[in-house]
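Participant: Before anything else, here's the structure in question.
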Amino acid sequence: MKNIKLQVPGTVANLVCGFDILGMALNEPFDEMEFKLLDERKIIIHHEDDFHLPTEPEKNVAGVVLLKILEKLENQNIGFEVTINKKIKPGSGLGSSAASAAGAAFGANELLGNIFSKEELVHFAMFGEELASGSRHADNIAPCLFGGITLVKSSEPMDIIPLSSPDLYVSAVHPQVEVKTSDARQILKKNIQMKDAVKQWGNVAGLVAGILKNDNQLISRSLEDVLVEPIRSILIPKFDEVKKQSLVLGALGGGISGSGPSIFMLSETKEIADKVAENMQKIYNEIGIENYVYVSKINDQGIKLVES
Numbered sequence: 001m002k003n004i005k006l007q008v009p010g011t012v013a014n015l016v017c018g019f020d021i022l023g024m025a026l027n028e029p030f031d032e033m034e035f036k037l038l039d040e041r042k043i044i045i046h047h048e049d050d051f052h053l054p055t056e057p058e059k060n061v062a063g064v065v066l067l068k069i070l071e072k073l074e075n076q077n078i079g080f081e082v083t084i085n086k087k088i089k090p091g092s093g094l095g096s097s098a099a100s101a102a103g104a105a106f107g108a109n110e111l112l113g114n115i116f117s118k119e120e121l122v123h124f125a126m127f128g129e130e131l132a133s134g135s136r137h138a139d140n141i142a143p144c145l146f147g148g149i150t151l152v153k154s155s156e157p158m159d160i161i162p163l164s165s166p167d168l169y170v171s172a173v174h175p176q177v178e179v180k181t182s183d184a185r186q187i188l189k190k191n192i193q194m195k196d197a198v199k200q201w202g203n204v205a206g207l208v209a210g211i212l213k214n215d216n217q218l219i220s221r222s223l224e225d226v227l228v229e230p231i232r233s234i235l236i237p238k239f240d241e242v243k244k245q246s247l248v249l250g251a252l253g254g255g256i257s258g259s260g261p262s263i264f265m266l267s268e269t270k271e272i273a274d275k276v277a278e279n280m281q282k283i284y285n286e287i288g289i290e291n292y293v294y295v296s297k298i299n300d301q302g303i304k305l306v307e308s
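In structure tokens:
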């Protein structure tokens with residue numbers, strides 16, 4: 001196989017209380033990536049979007065992943081040409097850098113005949129996340145590659161646990177304000193109180209149990225973050241209002257997607273999810289902040305091959 005085309009999903013990381021360990025794949029938004037296998041050791045990157053991302057492999061999220069794969073294949077005279085059409089805006093908090101990184105690892109592996117495991121692909125893709133944010137985290141990459149909801153028990157050694165995907169709808173709003181992942185990490189507390197840690201552990205355990213038991217009310221009660229959200233939410237205009245009104249409209253719960261500025265909410269029906277999304281948009285329209293909203297089921301497949 002010499003040419004392939006991928007649809008690479010956006011993702012929601014943390015899932016409120018699961019900082020750096022929980023993530024969820026979406027049906028929308030998604031990136032498109034096309035790959036060609038070359039017969040010489042070089043990497044060529046093209047962008048078909050308007051984000052003006054670098055095309056030098058060592059400066060590009062997808063490029064550094066492909067470089068790491070070539071290092072592993074030191075005796076093979078091959079390379080990769082990739083064309084990227086990003087529809088997940090960089091800095092949205094919806095896994096834009098993870099999509100590029102995971103898509104690069106997945107695409108290269110397909111061209112090579114699937115010689116690497118999904119866990120190995122996560123390892124390669126984490127180099128892209130490190131370039132983007134300065135941190136080697138897998139909470140966006142894992143659901144992008146595995147689909148559904150994933151628990152990253154450990155990244156060293158790699159231990160990823162795919163969880164069942166609840167039959168829920170996701171409403172997400174991306175207000176057009178900038179929140180850099182690196183900045184959002186720097187403002188976090190370096191030390192936390194034991195009572196807060198215990199409450200957070202209970203919420204994470206409750207959320208995982210709720211997902212596995214298909215218990216929506218337990219999921220709802222567990223979607224609480226006492227460590228990260230209180231600090232990061234101050235970077236996102238109208239966050240508290242969006243969350244409060246979403247709950248009034250019937251959402252189970254939600255919070256910041258990744259490091260923000262996107263906000264996501266989970267709902268039991270599409271009717272509720274649509275109302276939540278409409279209200280999210282209304283809140284930001286009223287204060288003159290451009291925004292994009294998405295309503296999606298949880299994507300249980302992850303990256304998929306599409307016909308060119």
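Counting from 1, one number per residue, gives the positions in the sequence shown under the UniProt record's numbering. Every residue gets a Cβ at the ideal spot worked out from N, C-alpha and C, and that includes glycine.
Going by Cα to Cα distance, which pick from A138, P175 and L207 is closest to P237?
Facilitator: In the sequence shown, the residue the question calls residue 237 occupies position 237. Nearest of A138, P175 and L207 to P237, Cα basis: P175.
Participant: Note down, one range per segment and in chain order, each alpha helix (DSSP H) of at least 4 residues found wholly within the segment 57 to 118.
Facilitator: Whole alpha helix (DSSP H) segments, 4+ residues: 61 to 72 and 96 to 111.
Participant: Check whether the segment 88 to 108 and the segment 25 to 32 touch, using three or more Cβ-Cβ pairs below 8 Å as the test.
Facilitator: Yes, since at least three Cβ pairs between the segment 88 to 108 and the segment 25 to 32 fall closer than 8 Å, the two stretches touch.
Participant: Using beta-carbon positions only, say whether L67 and I43 come within less than 8 Å of one another.
Facilitator: In the sequence shown, residue 67 corresponds to position 67, counting from 1. In the sequence shown, residue 43 corresponds to position 43, counting from 1. The answer is yes: Cβ separation under 8 Å.
Participant: Would you report the Cα separation of V173 and K213, rounded to the nearest angstrom?
Facilitator: The residue labelled residue 173 in the question sits at position 173 within the sequence shown. The residue labelled residue 213 in the question sits at position 213 within the sequence shown. Roughly 28 Å separates the two Cα atoms.
Participant: Quick check on this structure: which residue in W201, I149 and K36 has the alpha carbon closest to the alpha carbon of V170?
Facilitator: Position 170 of the sequence shown, counting from 1, holds the residue named residue 170. The shortest Cα separation from V170 among W201, I149 and K36 belongs to I149.
Participant: Going by Cα to Cα distance, which pick from L188, D159, L235 and L15 is closest to S117?
Facilitator: Along the sequence shown, read from residue 1 onward, the residue named residue 117 stands at position 117. Cα-wise, what sits closest to S117 is D159.
Participant: With distances taken Cα to Cα, identify the nearest neighbour of I256 among I115, P57, V177 and V228.
Facilitator: Mapped onto the sequence shown, residue 256 falls at position 256. The candidate whose alpha carbon is nearest that of I256 is V228.
Participant: By Cβ distance, which residues of its chain are closer than 6 Å to G258, with the 5 residues on each side in sequence left out?
Facilitator: Counting from 1 along the sequence shown, the entry for residue 258 is found at position 258. Excluding residues within five positions, the ones whose Cβ falls inside 6 Å are A13 and G93.
Participant: Taking Cβ to Cβ, would you say N77 is nearer than 8 Å to E40?
Facilitator: To locate residue 77, count along the sequence shown from 1; it is residue 77. To locate residue 40, count along the sequence shown from 1; it is residue 40. Yes, they are a contact pair.
Participant: Candidates V295, V152 and Y294: which alpha carbon is nearest G18's?
Facilitator: Counting from 1 along the sequence shown, the entry for residue 18 is found at position 18. For the residues V295, V152 and Y294, the minimum Cα distance to G18 belongs to V152.
Participant: Excluding five sequence neighbours on each side, which residues of the same chain lie with their C-beta closer than 8 Å to the C-beta of F51?
Facilitator: Here residue 51 corresponds to residue number 51 of the sequence shown, with the count starting at 1. Taken in chain order, the residues that qualify are K86, K89 and P90.
Participant: Run through the DSSP bridge pairs and tell me what S267 is partnered with.
Facilitator: Numbered from its first residue, the sequence shown carries residue 267 at position 267. According to DSSP, S267 bridges with Y169.
Participant: Exposed or buried, what is P157 when buried is set at 16 or more other beta-carbons lying within 10 Å of its beta-carbon?
Facilitator: Along the sequence shown, read from residue 1 onward, the residue named residue 157 stands at position 157. Classification of P157: exposed, given that the 10 Å Cβ count is below 16.
Participant: From which residue to which residue does the alpha helix (DSSP H) around K199 run?
Facilitator: One-based indexing of the sequence shown puts residue 199 at position 199. Where K199 is concerned, the enclosing alpha helix (DSSP H) stretches over M194 to K213.
Participant: Taking three-plus beta-carbon pairs below 8 Å as touching, is the segment 55 to 66 in contact with the segment 125 to 134?
Facilitator: The segment 55 to 66, when compared against the segment 125 to 134, does touch it at the 8 Å Cβ threshold.
Participant: What is the C-beta distance between L163 and I211, in whole angstroms, given that I count them as a contact (C-beta under 8 Å)?
Facilitator: Counting from 1 along the sequence shown, the entry for residue 163 is found at position 163. Counting from 1 along the sequence shown, the entry for residue 211 is found at position 211. With a Cβ gap of about 5 Å, L163 and I211 count as contacting.
Participant: If you reduce the DSSP assignment to three classes, tell me which class N216 lands in.
Facilitator: Stepping through the sequence shown from its first residue, residue 216 is reached at position 216. Three-state result, N216: helix.
Participant: Start and end of the beta strand (DSSP E) containing Q7?
Facilitator: Residue mapping note: residue 7 aligns to position 7 of the sequence shown, counting from 1. N3 to A13 is the extent of the beta strand (DSSP E) around Q7.
Participant: Count Cβ pairs between the segment 183 to 192 and the segment 280 to 299 that sit closer than 8 Å; are there 3 or more?
Facilitator: Because the criterion of three Cβ pairs below 8 Å is not met, the segment 183 to 192 and the segment 280 to 299 do not touch.
Participant: Expressed to the nearest angstrom, what Euclidean distance is found between the alpha-carbon atoms of L223 and F239?
Facilitator: Within the sequence shown, residue 223 is the residue found at index 223, counting from 1. Within the sequence shown, residue 239 is the residue found at index 239, counting from 1. The alpha-carbon atoms of L223 and F239 are separated by roughly 15 Å.
Participant: Can you give me the start and stop residues for the alpha helix (DSSP H) that A142 sits inside?
Facilitator: Counting from 1 along the sequence shown, the entry for residue 142 is found at position 142. It spans I141 to F146 - the alpha helix (DSSP H) in which A142 sits, taken as one unbroken run.
Participant: Determine, using beta carbons only, whether I303 and P9 come nearer to each other than 8 Å.
Facilitator: Here residue 303 refers to the residue found at position 303 of the sequence shown. Here residue 9 refers to the residue found at position 9 of the sequence shown. In this structure, P9 lies closer than 8 Å to I303 by Cβ.
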